[in-house]
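A.B. asks: Residue 47 in my numbering sits at position 66 of the sequence shown; the count goes up by one each step and never skips. The structure follows.
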Amino acid sequence: MQHSFKDRFISGVLSFVIAVVFVCASAVPGLLNGLTVLADAPQLYDSASQINYASVLGGAVDYGIVAPAINQKNHMETNFATKLFSNYDDQGNSNNNDVDYIASTALFIVGALEGDSKLRWGNNQVESIYLEAPE
-18 MQHSFKDRFI
-8 SGVLSFVIAV
2 VFVCASAVPG
12 LLNGLTVLAD
22 APQLYDSASQ
32 INYASVLGGA
42 VDYGIVAPAI
52 NQKNHMETNF
62 ATKLFSNYDD
72 QGNSNNNDVD
82 YIASTALFIV
92 GALEGDSKLR
102 WGNNQVESIY
112 LEAPE
């Protein structure tokens, strides 16, 4: 496809004007003050402060553990979401869970308890516990 003389003329004039603006802008001190240049370089992230885990985990960001099944064999200090929960160690003892490191509501979701497992909490320092579980 060929362009008409008029189209080529307009493109040439616009190219010339843009080139003149760039040359003048770089030659006149202070003309570009206030403009910022964004570097196209990867950002460094540290996991403690700069990553928004909600964009990766969605609603699972509210839980310390998210798993299809959890077999708690010892004391733990986290909240969790699971389909099937059991909490017996090798001697058949039921264990407790403390959630001491948050000053808000601890969230737990349990789809079913295996056998006669029990949900047990120890010395919690959270404001409240929100639990969705079978009876």
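For each residue, glycine too, the CB sits at the ideal point set by N, CA and C.
Between the C-alpha atoms of Ala41 and Gly103, what's the straight-line distance to the nearest angstrom?
C.D. replies: Cα to Cα, the separation comes out at about 24 Å.
A.B. asks: What first and last residue would you give for the alpha helix (DSSP H) that runs through Lys64?
C.D. replies: Looking at the DSSP string, Lys64 is not in any alpha helix (DSSP H); the run it does join, the beta strand (DSSP E), is Phe61 to Ser67.
A.B. asks: Straight-line CA distance for Lys(-13) to Val2?
C.D. replies: Those two C-alpha atoms are separated by around 23 Å.
A.B. asks: Which same chain residues end up closer than 8 Å to Asn105 when comparing Cβ atoms and leaving out the 5 residues on each side of it in sequence?
C.D. replies: For Asn105, where only same-chain residues beyond five positions count, the Cβ hits under 8 Å are Asp79, Val80, Asp81 and Ala87.
A.B. asks: Whole angstroms are fine: how far does the CA of Ile90 sit from the CA of Pro115?
C.D. replies: Taking the straight line from one Cα to the other gives about 10 Å.
A.B. asks: Quick check on Ile(-1): buried or exposed, where buried means 16 or more other Cβ atoms within 10 Å of its Cβ?
C.D. replies: Ile(-1) is exposed by the Cβ-count criterion.
A.B. asks: Below 8 Å on the Cβ atoms is my guess for Thr59 versus Gly39; work out the distance and round it to an integer in Å.
C.D. replies: The Cβ separation is near 18 Å, so there is no contact.
A.B. asks: Pull up the DSSP beta-bridge partners for Asn76, would you.
C.D. replies: Note: Asn76 sits in no beta bridge, so no partner.
A.B. asks: Tell me the residue span of the beta strand (DSSP E) that contains Leu94.
C.D. replies: From DSSP, the beta strand (DSSP E) with Leu94 extends over Thr86 to Leu94.
A.B. asks: Starting from Val1 and walking both ways along the alpha helix (DSSP H), at which residues does that stretch end?
C.D. replies: Per DSSP, Val1 belongs to the alpha helix (DSSP H) from Phe(-14) to Ala8.
A.B. asks: In terms of alpha-carbon separation, which member of Pro49, Ile110, Met57 and Ala6 lies closest to Ser75?
C.D. replies: Answer by Cα proximity: Met57.
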